[in-house]
Amino acid sequence: MNDQREQFVLPTRKILIFSLLFGLAPFAGGCLPQGLRLPESPLLRALERKLGLIAYVGPDGNIHTMDQAGGNQAGVTDDARLFSGEEGRALRIYQYPAWAPGNRRLAYVGFSGSLQNND
Numbered sequence: 040m041n042d043q044r045e046q047f048v049l050p051t052r053k054i055l056i057f058s059l060l061f062g063l064a065p066f067a068g069g070c071l072p073q074g075l076r077l078p079e080s081p082l083l084r085a086l087e088r089k090l091g092l093i094a095y096v097g098p099d100g101n102i103h104t105m106d107q108a109g110g111n112q113a114g115v116t117d118d119a120r121l122f123s124g125e126e127g128r129a130l131r132i133y134q135y136p137a138w139a140p141g142n143r144r145l146a147y148v149g150f151s152g153s154l155q156n157n158d
């Protein structure tokens, strides 16, 4: 019975020591020599919170913007005309909104034309 207790205690001590070492590791960053930087994952930048507006194509086919919380919605375009199946009807479609570097300008692609029956 004593052997079983020792076998149980040893892994528990190892887990406790391991937990303490890695639990305190984030606080040890202040003890690093000046100028030494820890390696950083290149994926970290993709996960960090971005500031600014989100641009999207709405269900009406127009380009819209909103903040990250879903508020402050504003239309960028208001003249989209989606496909209705009627011959000769003009249509205008907007797609692929993307912010330019610096997030000050918005680029998007617009297609316009009319539906023709070639029977």
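Start counting the sequence shown at 40; every next residue gets the next number (this note's numbering).
All residues carry an ideal CB built from backbone N, CA and C; glycine is no exception.
For residue i, count neighbouring Cβ atoms within 10 angstroms of its own Cβ and tell me buried if that reaches 16, exposed if not.
{"i": "I56", "result": "exposed"}
{"i": "N111", "result": "exposed"}
{"i": "Y135", "result": "exposed"}
{"i": "I102", "result": "buried"}
{"i": "Y133", "result": "buried"}
Which one or two residues does DSSP pair with residue i in a beta bridge?
{"i": "T104", "result": "A94, A113"}
{"i": "I132", "result": "F150"}
Kindly give me the distance between the Cβ atoms of residue i and residue j, rounded to whole angstroms, as I take these residues to be in contact under 8 Å.
{"i": "S151", "j": "A129", "result": "7 Å"}
For residue i, which of the options has the nearest alpha-carbon?
{"i": "G91", "options": "A108, Y133, T116, P81", "result": "A108"}
Does DSSP put residue i in a helix, in a strand, or in coil?
{"i": "R120", "result": "strand"}
{"i": "R143", "result": "coil"}
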